[in-house]
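**Q**
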Amino acid sequence: MNPPVVAGVDGGPASDAVLAAAFGEARTRKAPLVVVHVDAAPHGILRMRRALAGWEARFPEVTAHWIVQHDHPGRHLLDQAAGAQLLVTGQRGRRPGRTGRALRKNSGCPLLIIPAKGSSHARARG
1 MNPPVVAGVD GGPASDAVLA AAFGEARTRK APLVVVHVDA APHGILRMRR ALAGWEARFP
61 EVTAHWIVQH DHPGRHLLDQ AAGAQLLVTG QRGRRPGRTG RALRKNSGCP LLIIPAKGSS
121 HARARG
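Once you know that position 46 of the sequence shown is 46 in full-length UniProt numbering, the rest is easy, because the numbers rise by one and skip nothing.
1. For Thr99, which residues in the same chain have their Cβ closer than 7 Å to its Cβ, ignoring the five residues on either side in sequence?
2. Are the Cβ atoms of Pro84 and Val5 separated by less than 8 Å?
3. Measuring CB to CB, does Leu33 end up less than 8 Å from Ala7?
4. If you run the structure through DSSP and keep just helix, strand and coil, what is Pro73?
5. Tell me the DSSP secondary structure of Gln85 in three-state form.
6. Sort Gly97, Ser107 and Thr28 by Cα distance to Pro115 and report the nearest one.
7. By Cβ distance, which residues of its chain are closer than 7 Å to Ala82, with the 5 residues on each side in sequence left out?
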């Protein structure tokens with residue numbers, strides 16, 4: 001089986017764009033998609049579950065798995081991205097936060113960072 005594409009979302013402003021890019025990459029690469037959602041609030045989990053269902057309907061050829069985590073997003077994303085083809089995540093502001101910096105420094109696979117709306121262009125490392 002193809003190694004997965006991994007996406008990290010938190011329900012923030014870039015989450016929809018992250019899912020669009022991740023589903024598109026998974027389809028292009030004919031790879032499964034692992035979506036890691038970091039949010040402790042029940043309403044946030046429900047909102048992301050609905051969003052993911054919408055993306056699955058638009059990309060029926062992509063097999064997506066959803067993992068919910070409640071803390072330490074960088075650690076969970078790095079764990080899931082071990083052996084992945086690509087890690088896709090978002091960025092809230094102009095500069096990477098603590099999680100983004102950890103991913104850029106420690107990711108063992110190519111990394112695509114999607115900015116929030118109104119920010120600068122996407123950045124790729126890999």
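Note that beta-carbon positions come from the ideal geometry of N, C-alpha and C, so glycine has one too.
**A** With the given structure in hand:
1. By 1-based counting over the sequence shown, the position of residue 99 is 99. Contacts found: Pro73 and Gly74.
2. Translated into the one-based positions of the sequence shown, residue 84 becomes position 84. Translated into the one-based positions of the sequence shown, residue 5 becomes position 5. What sits at residue 84 in the sequence shown is Ala, not Pro. The answer is yes: Cβ separation under 8 Å.
3. The count along the sequence shown starts at 1 and reaches residue 33 at position 33. The count along the sequence shown starts at 1 and reaches residue 7 at position 7. Taking 8 Å as the Cβ cut-off, Leu33 and Ala7 qualify as a contacting pair.
4. For the purposes of this step, residue 73 is identified with residue 73 of the sequence shown, where counting begins at 1. Note: Pro73 maps to helix in three-state DSSP.
5. In the sequence shown, counting from the first residue as 1, residue 85 sits at position 85. DSSP places Gln85 in coil when its eight states are reduced to three.
6. As a position in the sequence shown, residue 115 is number 115, starting the count at 1. Selected option, being the one with the closest Cα: Gly97.
7. Within the sequence shown, numbered from 1, the residue matching residue 82 stands at position 82. Cβ within range, chain order: Gly108.
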